[in-house]
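Chains as they are written, first to last, in this note's numbering: chain A, 1 to 268; chain B, 269 to 690; chain C, 691 to 973.
Glycine is no exception: its CB is placed at the ideal position from the N, C-alpha and C atoms.
Here the structure is a predicted model, which means the values were calculated and not measured.
Below is one structure, written out as structure tokens, with a few remarks after it.
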């Protein structure tokens, strides 16, 4: 009885935390159904789907479609790079190498230096060296200085007290280091790698300050939205939020369904 | 279909050559067909980087104008540190004082600007009418010209080389919620009336916020500035001390930085009196919430923005840029901006694109005969309404001070940080 | 054999190259510029210490650091407690791998809506006419809207906790998953109660995860300027905001000096964290 009570209390705590995370999302959801004359704040001025329709039309300032395409492409690039580079560097740190201390300090420094100054510095470097700043060049690099420290440090948490005997056993059985990585290590840490990918994607997709002066002529989505707030903004922003949340849930659902379907297929 | 287009294109190209050769003899327009392949990249804040303008450029001039909107701080940084990422910069006059000397832009030859003579004289001589006085602060004409094509320092008088072509400008004052303030607002000092404790706001851009405070100080009679736009250290000290006192007394609810924030603060009732922009007031009102732009005895704090050309522009691209600038002053954009409550650089041409009623309401301060519509067709003002502050001459003639960069701005930012930390 | 000896270097090379090009070079530029002089119109290359004198010699700087450190301390305590709790439930109560994954995804979804939009939405949530105040008024808990909910220290800290708790959850969860369950069973078999298991087995084994999460939370809070500006309504200062104000007026030398001081201060704090828990020794 007490054990069950404890379990419910703990699950309730998790539920409350998730509710807290969704506080702003809930407000955004409600206000995205504002009437055509409504604003970004309460009171509601009627209820309508007006802003969802407006979302797919041309805005007074800025362009959601183009900016979102760039942001999605950039976030995908950053995710792939973050996962592979952090995994590789994580393996290196595990074995240890000369200069590891310096590289580690640099990685931590990457988190601290105010983003806006990194942005400025990279922008200036590109300008001085005659390269054109672009979202897929300079902004890509700038975002990696943001996502890599997260990727690497989470990698540390993953490898923390990792049971080396498994790998040793594999090697004793004649597996090459590559085979032991491929068949022993990777399957064990795959869920954590997905976690890092999730971090990388979210951090990049919503990155603002580091992209600000490195994106070149074209804006990413956060920059575009911030640019829009320099003029009259409308609940179209909230409609975008609601649609984003909705699409994410559908994607999670589809992913789950696919996983189920795959696991139900007999393994060969 | 294809062959038809080819012939038409060849024809136009031929016409382009004809006109192009005309340019040698002083004909100002080069209508070469290949100008249509040009893309001009413009950036600035969302205030004037409107998609409607880009669409109209495509229609009228044939080339592509790609617009990037950023916040005001980023615009400054980009203008200075990323000169290759833009062709046309849309920046404000006060910050031009810092941006232009960095050498990332080139001045414009006024001989190539058709309507130069018709630009409102505030931007050329500094005086609205020959008899009016020049307001304090970084008045646009003081950073509007340079000596020669390659010079980076401003000229004290009008020359043949212009740094920025004015896009929009306006006179700012306090916006209020008449339903919640409950009394007449007539002076800047009303901003710090204890009755509005916790419900007031000012601008959170250091060099501009401090001028809002200076307007209040002068209104209270505590300090008389030689130049509010260029304070001495002692004046900065006194102004910041005053702000800190007001802040500690809980006068301010929040400070706003973006257009949007000022609208949200007002619309949500968090703030009932604050320094504001005219279109922001209109935006609050369009949501059915009463909001008034209050003319005040001490006058307005004015600002203006303009288009500048990147230094790297040459040849055809430069021609296209001049083409665009000339088009900008030819009336369509002017009318579009005037209809939002801003003012355009050449009023004469804008008038041709506005109805008599619109012109009467926005520029002459006359009562509207019919409903006044925004550029996208929404009702902004009902028939019978009169613009807050009245006519163009009444509003722009009562400018007390322009947004500015002070000589002591290093000290000013330190003190502003002290104020925020207090 | 030679290849195997070089392997770690090859594996670390991509990280080193990217950080070298996109971080080290900008930092060097930053350090150089921090010694430049400037006036109201331009930056004057040279070697002066005035920027550092201005930063370190001003009472305002110290007050702002005090304020930022206060935020950091409060946010760190809250995110650690909350983050540890959430990670604990995820790792020990929800044992199903797929379910853990789904919950993680669900926690990430709110962050896919741009932060700028989320920040705007705090006004209608916490404001005078906001959802929370309206709900409390209707329930009769309060008679007048609570003003401190928005544009206050409370609002700033709430937003930080909202933004940063997941940065604590993830590393702690990952270390928890590495804990050998047999250790816990052994402790229970030896008569340890739940509290003892928690404090004497789980928490010590989670220290590296907590340390990593702390690095995230501390650096994010110390360097922030957007959240503090928006949530305090521009009425609270942070080190980042001080630097941002200087940048906005193109006072790069002063901003760079401020950044170098901030970098030194935070690296010092991280070194202290690593003194207590060396996350790299436990790899």
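Thinking C-alpha only, which one of 562(B), 538(B), 673(B) and 467(B) is nearest residue 818(C)? By one-based count along the third chain, residue 818(C) stands at place 128. Here the closest residue by C-alpha is 538(B).
Counting only Cβ-Cβ distances shorter than 8 angstroms, please list the residues of the segment 498-526 of chain B near chain C, keeping chain order. Contact residues of the segment 498-526 of chain B toward chain C are 515, 520, 521, 522, 523, 524 and 525 (C-beta to C-beta distance below 8 angstroms).
Would you say residue 345(B) reaches chain C, if we count a Cβ-Cβ gap shorter than 8 angstroms as a contact? Numbered from 1 along the second chain, position 77 holds the residue referred to as residue 345(B). So yes, residue 345(B) belongs to the interface.
Using a threshold of 8 angstroms, state whether the C-beta atoms of residue 607(B) and residue 642(B) are closer than that. For the purposes of this step, residue 607(B) is identified with residue 339 of the second chain, where counting begins at 1. For the purposes of this step, residue 642(B) is identified with residue 374 of the second chain, where counting begins at 1. Yes, these two residues count as a Cβ contact at 8 angstroms.
What are the residues of the segment 185-215 of chain A that lie near chain C, defined by any Cβ-Cβ distance shorter than 8 angstroms? 191, 192, 194, 195, 198, 199, 202, 205, 206, 208 and 209
contact_flag[the segment 860-874 of chain C, the segment 900-910 of chain C] where n(CB pairs < 8 angstroms) is 3 or more: Yes, the segment 860-874 of chain C is in contact with the segment 900-910 of chain C.
Report the three-state DSSP secondary structure of residue 318(B) (helix, strand or coil). Taking the first residue of the second chain as position 1, residue 318(B) is located at position 50. It is coil, neither helix nor strand.
Residues of the segment 301-317 of chain B with Cβ closer than 7 angstroms to any Cβ of chain A, in chain order: 309, 313, 314, 315 and 317
Less than 8 angstroms between the beta carbons of residue 386(B) and residue 591(B), yes or no? By one-based count along the second chain, residue 386(B) stands at place 118. By one-based count along the second chain, residue 591(B) stands at place 323. Cβ atoms of residue 386(B) and residue 591(B): not closer than 8 angstroms.
Endpoints, the alpha helix (DSSP H) within which residue 678(B) is located: On the second chain, residue 678(B) is found 410 positions in, with the first residue counted as 1. Counting along the chain, the alpha helix (DSSP H) containing residue 678(B) begins and ends at 677-689.
List, in chain order, every chain A residue whose beta-carbon is nearer than 7 angstroms to that of residue 582(B). To locate residue 582(B), count along the second chain from 1; it is residue 314. None at all; the shortest Cβ gap to chain A is about 17 angstroms.
Is it true that the CB of residue 504(B) sits closer than 8 angstroms to the CB of residue 683(B)? By 1-based counting over the second chain, the position of residue 683(B) is 415. By 1-based counting over the second chain, the position of residue 504(B) is 236. Yes; because the gap between Cβ atoms is below 8 angstroms, this pair is in contact.
Counting contacts by CB-CB distance shorter than 8 angstroms, is residue 354(B) in contact with chain A? Here residue 354(B) refers to the residue found at position 86 of the second chain. With 8 angstroms as the cut-off, residue 354(B) counts as an interface residue toward chain A.
DSSP beta-bridge partners of residue 259(A): In the first chain, residue 259(A) corresponds to position 259, counting from 1. For residue 259(A), which the question treats as bridged, DSSP gives no partner whatsoever.
Shorter than 8 angstroms from the beta carbon of residue 379(B) to some beta carbon of chain A? Within the second chain, the letter at position 111 stands for residue 379(B). False, the Cβ-Cβ gap to chain A never drops below 8 angstroms.
Residue 716(C) and residue 166(A) closer than 8 angstroms at C-beta: Walking along the third chain from the start, residue 716(C) turns up at place 26. Walking along the first chain from the start, residue 166(A) turns up at place 166. Against a cut-off of 8 angstroms, the Cβ pair of residue 166(A) and residue 716(C) comes out as no contact.
Rounded C-alpha distance that separates residue 428(B) from residue 517(B): As a working note, residue 428(B) is residue 160 in the second chain. As a working note, residue 517(B) is residue 249 in the second chain. Taking the straight line from one Cα to the other gives about 52 angstroms.
Have a look at residue 137(A) and residue 263(A) and give me their C-alpha separation to the nearest angstrom. In the first chain, the residue the question calls residue 137(A) occupies position 137. In the first chain, the residue the question calls residue 263(A) occupies position 263. Going by the C-alpha atoms only, they are around 39 angstroms apart.
In this structure, does DSSP put residue 789(C) in helix, strand or coil? To locate residue 789(C), count along the third chain from 1; it is residue 99. Correct three-state label for residue 789(C): helix.
In the DSSP assignment, the alpha helix (DSSP H) including residue 784(C) goes from what residue to what residue? Looking up residue 784(C) in the third chain gives position 94. First-last for residue 784(C): undefined, no H or E at that position.
Whose C-alpha, out of 144(A), 250(A), 253(A) and 257(A), is nearest the C-alpha of residue 208(A)? Position 208 of the first chain, counting from 1, holds the residue named residue 208(A). When only C-alpha atoms are compared, the closest one is 144(A).
Since residue 436(B) is in the beta strand (DSSP E), which residue starts that stretch and which ends it? In the second chain, residue 436(B) corresponds to position 168, counting from 1. First-last of the beta strand (DSSP E) with residue 436(B): 433-444.
Where the beta strand (DSSP E) through residue 311(B) begins and ends: Start at 1 with the first residue of the second chain, and residue 311(B) comes out as number 43. Its beta strand (DSSP E) spans residues 307-312.
If I follow the unbroken alpha helix (DSSP H) through residue 364(B), where does it start and stop? Here residue 364(B) corresponds to residue number 96 of the second chain, with the count starting at 1. Looking at the DSSP string, the run of the alpha helix (DSSP H) that includes residue 364(B) is 361-367.
Cα-Cα separation between residue 434(B) and residue 420(B), rounded to whole angstroms: Indexing the second chain from 1 puts residue 434(B) at position 166. Indexing the second chain from 1 puts residue 420(B) at position 152. Spanning the two alpha carbons is a distance of roughly 19 angstroms.
When you compare the CB of residue 42(A) with every CB in chain B, is at least one pair closer than 8 angstroms? Looking up residue 42(A) in the first chain gives position 42. By this cut-off, residue 42(A) is an interface position.
Exposed or buried, residue 223(A), counting other C-beta atoms within 10 Å across all chains shown (16 or more means buried)? As a first step, residue 223(A) is located in the first chain; it is residue number 223 there, counting from the start. Classification for residue 223(A): buried.
Residues of the segment 127-144 of chain A whose Cβ lies closer than 7 angstroms to any Cβ of chain B, in chain order: 127, 132 and 133
Please list, in chain order, the residues of the segment 808-833 of chain C that have any C-beta partner in chain B closer than 9 angstroms. From the segment 808-833 of chain C, only 810, 813, 814, 817, 818, 819 and 820 have a Cβ closer than 9 angstroms to chain B.
Closer than 8 angstroms, CB to CB, is residue 962(C) near chain A or not? Within the third chain, the letter at position 272 stands for residue 962(C). It does not: the Cβ of residue 962(C) has no partner Cβ on chain A nearer than 8 angstroms.
Checking the sheet assignment: what are the DSSP bridge partners for residue 649(B)? As a working note, residue 649(B) is residue 381 in the second chain. DSSP lists 640(B) as partners of residue 649(B).
Using only the alpha-carbon positions, how far apart do residue 297(B) and residue 731(C) sit? Within the second chain, the letter at position 29 stands for residue 297(B). Within the third chain, the letter at position 41 stands for residue 731(C). Model confidence at residue 297(B) stands at a pLDDT of 48, short of 50, so the residue's coordinates are unreliable and nothing is read from them.
N-terminal and C-terminal residue of the alpha helix (DSSP H) that residue 541(B) is part of: Locating residue 541(B) in the second chain gives position 273, where the first residue counts as 1. No alpha helix (DSSP H) contains residue 541(B), which is instead part of the beta strand (DSSP E) from 541-544.
Going by the DSSP bridge assignment, what does residue 358(B) pair with across the sheet? As a position in the second chain, residue 358(B) is number 90, starting the count at 1. Note: residue 358(B) sits in a beta bridge opposite 575(B).
Does residue 258(A) have its Cβ less than 8 angstroms from a Cβ in chain B? As a first step, residue 258(A) is located in the first chain; it is residue number 258 there, counting from the start. For residue 258(A), no Cβ of chain B is located within less than 8 angstroms of the residue's own Cβ.
Alpha-carbon spacing of residue 358(B) relative to residue 701(C), whole angstroms: Position 90 of the second chain, counted from the first residue, corresponds to residue 358(B). Position 11 of the third chain, counted from the first residue, corresponds to residue 701(C). The straight-line gap from Cα to Cα measures roughly 46 angstroms.
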